[in-house]
Every structure is written in structure tokens, then in C-alpha cells.
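Read through the structure below, which is laid out as C-alpha cells, and then see the notes.
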Amino acid sequence: MSKSSSIYFHIPFCKRLCGYCDFPKTMSLARKNEVLDKMGQELVGRVAELGGTVLKTIYFGGGTPTVCTPEELGLLLAVARENFDTSQVVEITVEANPDDLSEEYLRGLKGVGVNRLSIGIQSFRDDDLQMMNRRHDAEGAVRAVEAARKAGFDNISIDLIYGLPNATLEDWKENVRRAISLGVEHISAYCLTIEENTLFGKRGVEVADEQLVEQEYDAMCELLREAGYEHYEISNFALPGRRSRHNGAYWRGTPYLGIGPGAHSYDGTGRRSWNVSTVGAYLSGAQAECEELSQTELYEEFVMVRLRTCEGVDVDALEEKFGPRRREQFLHRAERFVSEGVLMRGGSSVAFSERGWLVSDAVIGEFFE
Ligand code: SF4
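Have a look at this one:
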């Protein structure tokens with residue numbers, strides 16, 4: 009059976025800089041058309057890299073893909089359709105800014121084949137949104153989801169951020185309740201992290217204290233569980249049958265082509281590559297960089313990515329890929345965390361408990377060489 013595969017388009021443009029963001033992007037839209045043309049050419053030039061695979065998902069991320077018109081995104085999809093067999097593509101996602109989502113715009117997206125939205129709402133509170141320097145307000149966030157429903161989208165994900173300074177536990181719970189009341193199929197919830205090179209980093213903004221972050225995490229898990237969402241990955245919750253197919257493919261290590269400035273690609277066997285991230289360098293044809301992962305790096309990645317999912321590490325699959333010594337080593341290191349209740353064992357699987365995910369960074373580090 010052929011392996012499945014994915015395409016990721018990175019649209020590196022944003023109209024405003026969010027305080028916490030360290031993704032590759034630019035605020036100047038002056039060269040947008042050139043970049044989109046170049047991305048189409050890049051895709052055509054790299055068709056062979058997905059040879060022998062079955063394309064299953066396409067994802068537009070950024071940056072802000074919705075600074076492009078539906079027609080512009082549709083042109084990239086047309087290039088994909090002309091050059092790949094897209095008959096088995098089940099999911100085409102666009103990351104969207106609420107401010108860009110008029111009903112007409114959304115109908116346009118539907119019209120070019122987009123069937124899933126990932127809306128960057130982050131919070132339903134105006135205070136939080138202003139603090140993060142987001143473009144939209146709380147009302148705009150709700151309006152965007154409602155407009156998406158009217159336009160016929162039945163697979164909507166929203167992003168939320170917790171651990172914000174100046175927000176109380178009750179504020180956060182209210183955010184989660186608002187998300188639930190909108191009936192969105194999928195919620196990605198990230199704890200605020202602050203990188204030095206971001207606006208927040210430069211302004212010395214700090215994440216809420218650890219105890220509040222834990223309370224927010226617990227409250228979110230409980231509210232979403234009660235509302236029927238599966239906590240299927242450390243930062244992701246979905247109603248039954250609505251997990252992100254695209255992210256699932258990343259986590260299973262399937263091949264994907266990353267197109268556009270700063271986009272990463274993986275060939276499914278250990279070769280990773282990434283395009284230059286600045287628009288100027290991308291347009292001038294600068295070569296992508298690449299690396300071949302060693303067996304140790306592949307093993308570490310296998311463990312890390314799977315431990316972030318609710319299925320955890322299947323030790324039989326681990327042994328099949330990396331041999332009995334690695335299986336033993338993994339189980340030996342997992343023992344302590346199983347006895348502490350941070351990891352759980354069931355059949356051939358070792359997975360984090362929901363509370364265990366809170367300390368996952370430190371625990372996963374223990375499995376590395
Ligand atoms: S969070 Fe998204 S919209 Fe905000 S600056 Fe980063 S990429 Fe742009």
C-alpha cells in the first residue's frame with residue numbers, strides 16, 4: 009500500500025505583529041504576488057519528491073493565509089491538482105484571521121475546495137486581544153465562526169492561548185466555555201511561551217505563574233471532556249471523528265512537501281529540509297538546507313512525537329523500527345514515570361496521563377541520549 013502524504017503552503021504575510029509570535033513572516037505585502045507565483049513554481053519543481061505516495065491533506069499556514077484572496081489560494085490548489093493526483097485528498101485547511109472572514113470571503117474559500125478552517129481566535133476577551141496586539145476583537149471572533157457556519161463550513165478549529173498575564177482562572181474558563189458554546193469541532197490550546205526575539209520578549213512580558221497555568225490546564229481539560237471533546241494530543245482537542253488529519257500525518261512521520269518561505273519538508277525516511285525564511289532570499293532562489301537524521305535522532309523524534317499524542321508510544325512498533333535494545337531502554341526509562349503516575353502503561357502502549365502532559369517537556373528529555 010502506498011504511503012500517504014501532505015502538502016504545506018506557507019503564506020508568510022501578516023498585517024500586524026502579534027506580541028508572542030516567532031513564526032517566519034513579513035508585514036510587507038509588496039511582493040505577495042511574486043511569492044505566490046514562486047510557490048506555484050516551487051511546487052511544480054518538486055512533484056517527484058512525493059512520487060509513489062497518495063496525497064491526503066493540504067494545509068495553508070503562515071503567517072496569515074487569509075491575507076490572500078480565495079482566488080489566489082485557489083490558484084495554488086489548481087497547481088496541486090494539475091501536478092498531483094488529488095482525488096484522495098480528504099482535508100484542505102486554511103489558517104485564518106477572524107478579521108478577514110466575511111461570509112463572502114468564506115464562500116470563496118469553499119468554492120476553491122477548502123473544507124476546514126483553523127481560526128486564530130486566541131481569546132474571546134478584548135483585554136487579552138489588545139494585549140497580544142491581535143487584529144480582531146472578541147465580537148469579531150464570534151462573528152467569524154458564525155459566518156463560517158453560514159458559508160457551510162462544518163469542520164472548524166480555533167486556537168486559544170492560556171497562561172496569559174493579567175487573566176484570571178475565571179477569565180480563562182469563560183474563554184473555554186465560549187468556544188464550547190460555538191460548537192467548534194476542534195480546539196488547539198497553547199500555553200503562552202515567550203521567545204526573546206518577539207515583541208513580548210523585548211517588552212519583558214511574563215507568562216502567568218505556574219500554579220495558575222496548571223489550574224487553567226486542569227479546568228480546560230475538565231470543561232472540554234464534559235463537552236465531549238477528546239484530548240488527543242498535548243495541545244489539541246476534537247469532537248469525535250474531527251481530529252486534524254494533517255497534523256496526524258506529521259505525527260506519524262509521513263512525507264510532506266513544505267512550499268514557500270521558511271516551509272519545512274520531510275521525506276518520510278529521515279531527510280528533513282527547510283526553505284530560507286526571508287521573502288527576498290526565497291525569491292532570489294536561495295537553496296533549501298537539509299539534514300539527514302541519524303538513527304538516534306529518528307528514535308528520539310519517534311518517542312517525542314508519539315508521547316505528545318494520547319495513543320503514546322507503541323513499544324512493539326518501536327522495536328520493529330529501532331530494535332529490541334531501544335525497546336528495553338525505553339521501557340527502563342519509562343518505569344519511574346509509570347510508578348509516579350505521569351506515564352501510563354496499557355497493553356503495548358506507554359502514554360502520558362492527562363496531568364502528566366503538564367510536565368512532558370522534562371519527562372521527554374529523559375528519553376534522549
Ligand atoms: S501569530 Fe499569526 S497572525 Fe500573528 S504575527 Fe504570528 S503569524 Fe502573523
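FYI, in my numbering the residues of the sequence shown are 9 to 377. Idealized CB from N, CA, C, for every residue including glycine. Please read these numbers as outputs of a predicted model, since none were measured by experiment.
| Check | Outcome |
| --- | --- |
| Using the three-state DSSP reduction, which class does residue 375 fall into: helix, strand or coil? | coil |
| Please name the residue in 143, 260, 140 and 172 whose C-alpha comes closest to that of residue 320. | 260 |
| Which ranges does the alpha helix (DSSP H) cover as unbroken runs of at least 4 residues, wholly within the segment 246 to 316, from first to last along the chain? | 253 to 259, 287 to 291 and 303 to 315 |
| Can you check which of these residues, 124, 70 and 43, is closest to residue 32 by C-alpha distance? | 70 |
| Based on Cα-Cα distance, which residue from 210, 364, 112 and 25 lies nearest to residue 158? | 112 |
| Measuring only from the beta carbon, is residue 229 closer than 7 Å to any heavy atom that is part of ligand 1? | no |
| Which same chain residues end up closer than 8 Å to residue 257 when comparing Cβ atoms and leaving out the 5 residues on each side of it in sequence? | 12, 13, 14, 64, 65 and 264 |
| If you draw a straight line from the C-alpha of residue 360 to the C-alpha of residue 375, how long is it? | 13 Å |
| Nearest to residue 211 by CA position, among 26, 147 and 43, is which residue? | 26 |
| Since residue 242 and residue 341 should fall inside the 8 Å C-beta cutoff, what is the C-beta to C-beta distance between them, to a whole number of angstroms? | That pair is no contact at about 19 Å. |
| Within 10 angstroms of the Cβ of residue 46, are there 16 or more other Cβ atoms? Answer buried if so, exposed if not. | buried |
| Any contact of the segment 296 to 315 with the segment 78 to 96, i.e. 3+ C-beta pairs under 8 Å? | no |
| Just the Cα atoms here: how many angstroms apart are residue 197 and residue 170? | 7 Å |
| Pull up the DSSP beta-bridge partners for residue 354, would you. | 357 |
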